[in-house]
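Peer 1: First the structure, then my questions, so here it is.
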Amino acid sequence: MDDHSSLMDNILLELLDPSTTPEKALETLSYPCFSPEAYARDNDHVLIFLAYMRFIITRQPDAHVEGIWEELLKNTVIYSLNFSNSREEITYIRNTHTKVVLADGPLVSTWLQKALATHNKCPNPYIRLELFRLIRILLSKKNENMSIDEWDCLRTTLECVCGTFIHTISRIQPHHLYPSDGKDKVLFDFTDLRFIFNIYEVQMYEYLQKVISDGIIEQWKNDNELDVDSDEARFIAHCIQLIGIFTVGANSIPDPVTHMTMIYHLCNFFKYNIGKLIFIHGMNNLPSGMPWDQFRYVLSQLPFKPYITATINELRSAMSSKCIYSSSIAIRIDNIAQDLGVYTKTYDLPRLLFCRQVHGPTSVQRHDLLTMHLASFACDVE
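First residue of the sequence shown? That's 18 in our numbering, and the numbers climb one at a time after it.
Have a look at this one:
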């Protein structure tokens, strides 16, 4: 074993010593041997992360993360920066954290759920965002290292976690999630946002829709208007802003096809996840019908136009940032924009026609969408 590995292993063993203070643990995280450039083994970053998570959760079993513990957790999360989204690495991390890290305490994923059961346990909303990200990485899939009892327990906390997620998103400043290389970089990204919306298949989304809709009903019943400073309104506004911010992040994807696929997912998430958060029955003030119609109406009652316009503009800009072009995605962006009252157009008709000449009429559906798209703007022409 080389000197680097020996030193790092000794430090990690110190974390098992009950006399080691959080101040000492925080100090060791700044040692040169713990810098990403000094990793001696491919899995060093996983071992460092899990060892310090073990230290935190065995010392703070009730999952209160404030003061020195918040600082220690913040510095620990940095070591998850290089966790890839590959199935193989996530499987490795899950296997490691269930078999090695905690012989005498709760699983990391169980502790994370406890920490997120109420926002009071972790007051810093940006740290909570990182905990939600770690839920995606560390939460075992069904029938994968998790018993039926554990899953039943998980479902009982789902509504509480949902409330914490709404509180968290409503308390952040979304611009802090713009791509950054600084030490205060927030690692939570679109993959994590989409995962949380769809966690446990449809159950989490149903809770989100119920909480948001119930909040709007109460506001309308009491004052016949919406409170722009309510958690529900802020949650919707910040989710819209995050779509634009994550679109900016997608522009750094070098592969044009992967980049365009990400834009496609962002558009779909905007309309079919965020756009269906509101579904209310029996309210005279709201249009009946599909959630998207109610979502459009609610947004028209709130001063969200700048957020919507900025996000639509980011999506449009992303369409022209690579050499590849998708007419169907451009049409999708314009349909969302028109529905939400952002009337400037994205489509590049000469480019659409050129694409059809080069690639041929590969899809009757695409032709129909283009025809419908152009016809939908006839009413705008004076």
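We treat Cβ as the ideally placed atom computed from N, Cα and C, and that holds for glycine.
Treat the numbers as computed from the prediction; the structure is a model and nothing was measured.
1) Alpha carbon to alpha carbon, what distance is there between residue 352 and residue 285?
2) Could you spell out where the alpha helix (DSSP H) holding residue 267 opens and where it closes?
3) Closer than 8 Å is the cut-off here; do at least three beta carbon pairs connect the stretch 240 to 249 with the stretch 262 to 269?
4) Would residue 209 be called buried (16 or more neighbouring beta carbons within 10 Å of its own) or exposed?
5) Using a Cβ-Cβ cut-off of 9 Å, state whether residue 258 counts as contacting chain D.
6) Apply the 10 Å Cβ neighbour rule to residue 289 and answer buried if 16 or more other Cβ atoms are within range, or exposed otherwise.
7) Taking the beta carbon of residue 129 as the centre, do at least 16 other beta carbons fall within 10 Å, making it buried, or is it exposed?
8) Can you look up residue 204 in the DSSP assignment and give me helix, strand or coil?
9) Run through DSSP, which three-state label would residue 242 get?
10) Apply the 10 Å Cβ neighbour rule to residue 13 and answer buried if 16 or more other Cβ atoms are within range, or exposed otherwise.
11) So the candidates are 344, 68, 283 and 78; which of them puts its Cα closest to the Cα of residue 27?
12) I'd like to check one pair, residue 186 with residue 283: are the Cβ atoms closer than 9 Å?
13) What number of angstroms, rounded off, separates the C-alpha of residue 73 from the C-alpha of residue 309?
14) Beta-carbon separation of residue 233 and residue 315 under 9 Å?
15) In chain order, what residues of the same chain lie with their CB nearer than 8 Å to the CB of residue 23, ignoring the 5 residues before and after it?
16) Taking the CB atoms as reference points, tell me whether residue 152 and residue 212 lie closer together than 9 Å.
17) Closest to residue 338 by C-alpha separation, out of 40, 235, 46 and 276, would be which residue?
18) Only counting runs of 4 or more residues, tell me where the alpha helix (DSSP H) segments fall wholly within the stretch 27 to 99, in order along the chain.
19) In the structure shown, what three-state DSSP assignment does residue 359 receive?
20) My assumption, with CB atoms under 8 Å, is that residue 326 sits in contact with residue 257. Please give the rounded CB distance.
21) Rounded to the nearest angstrom, how far is the Cβ of residue 206 from that of residue 263, given a contact under 8 Å?
22) Can you tell me the Cα-Cα spacing of residue 292 and residue 38, whole angstroms?
23) May I have the straight-line CA-CA distance separating residue 143 from residue 191, to the nearest angstrom?
24) Straight-line CA distance for residue 174 to residue 134?
25) Thinking C-beta only, is residue 226 closer than 9 Å to residue 296?
26) For residue 252 and residue 224, what's the separation of their Cα atoms in angstroms?
27) Given residue 31, which residues of its chain have a CB within under 6 Å of its CB, disregarding the five upstream and five downstream residues?
28) Within its chain, find whatever has a CB closer than 8 Å to the CB of residue 179; leave out the 5 residues flanking it on each side and keep chain order.
29) Compute the Euclidean distance between the alpha carbons of residue 312 and residue 108, then round it to the nearest angstrom.
30) Which of the three DSSP states, helix, strand or coil, is assigned to residue 321?
31) Taking the straight line between their C-alpha atoms, what separation do you get for residue 91 and residue 344?
32) Are the CB atoms of residue 154 and residue 85 within a distance shorter than 9 Å?
33) Compare the Cα-Cα distances from residue 156 to each of 214, 202 and 126 and report the closest residue.
34) Measuring only the C-alpha atoms, how far is residue 79 from residue 183?
35) Mapping DSSP to helix, strand and coil, what is residue 272?
Peer 2: On the basis of the coordinates in this document:
1) 12 Å
2) 248 to 267
3) no
4) buried
5) Here there is only one protein chain, and chain D is not present.
6) exposed
7) buried
8) coil
9) coil
10) In this structure the chain extends from 18 to 399, so residue 13 is not present and cannot be described.
11) 68
12) no
13) 43 Å
14) yes
15) none
16) yes
17) 276
18) 39 to 45, 61 to 76 and 85 to 94
19) coil
20) Going by Cβ atoms, the distance from residue 326 to residue 257 rounds to 10 Å, so no, they are not a contact pair.
21) 6 Å
22) 47 Å
23) 10 Å
24) 6 Å
25) yes
26) 14 Å
27) 37
28) 221, 224, 225 and 228
29) 38 Å
30) coil
31) 42 Å
32) no
33) 126
34) 22 Å
35) coil
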